[in-house]
Amino acid sequence: VVYVFAICFAQAAIGYLIRPAVDSSPELRADFVTWFGSTAISMRTLLVAISGGEDWSQFMYMLEQADALYGLLFVLYIMLVFHGVLHVIASIFVDSAMTTSKVEKDELIRNEMAQKDSYMTLMKTVLD
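Below you can see the structure in the form of structure tokens.
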């Protein structure tokens with residue numbers, strides 16, 4: 074997923090950089106090279122964006138300068154990754170809760186069986 078989006082955003086940067094310089098600022102052009110200059114750099118930038126290393130909205134605004142569609146695509150990437158991460162984290166918690174519940178249930182059954190055995194032993198002692 075990251076690789077596909079990185080290719081797309083690197084292409085956006087290339088498209089922006091080959092435009093005539095009159096309609097873009099030199100700082101923005103330098104930022105495109107810094108953050109989306111190649112596929113590998115774009116992959117790093119996507120990791121930085123989702124891990125909180127840099128605010129992802131700055132990348133979205135930068136990509137919107139190339140084309141509004143790239144800004145929307147970047148938001149889609151953020152949503153997909155966060156949605157996927159949230160599902161993984163939620164499934165870890167659910168699995169942990171189910172495992173704990175099973176262990177508690179097994180322990181409860183063992184305790185009940187131990188109490189039953191203790192009661193049976195006591196009854197045998199009383200009746201003998």
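Counting from 74, one number per residue, gives the positions in the sequence shown under the numbering used here. Idealized CB from N, CA, C, for every residue including glycine.
Separation of residue j from residue i, as counted between CA atoms
i	j	result
V77	E177	45 Å
R121	M186	It should be pointed out that residue 121 corresponds to Val in this sequence rather than to Arg. Using only the alpha carbons, I get a separation of about 55 Å.
A141	A85	11 Å
A79	F166	31 Å
P93	R102	11 Å
T194	K175	28 Å
V154	T118	14 Å
V158	T172	21 Å
Extent of the continuous alpha helix (DSSP H) run through residue i
i	result
D104	P99 to F109
R117	T112 to S124
E185	A141 to L200
V75	V75 to L90
Where residue i falls, given that 16 or more other Cβ within 10 Å makes a residue buried
i	result
G144	buried
M135	buried
Residues near residue i in its chain [Cβ-Cβ closer than 6 Å; skip 5 each side]
i	result
T112	A79, I80 and A83
W108	T118
Y89	F105 and A139
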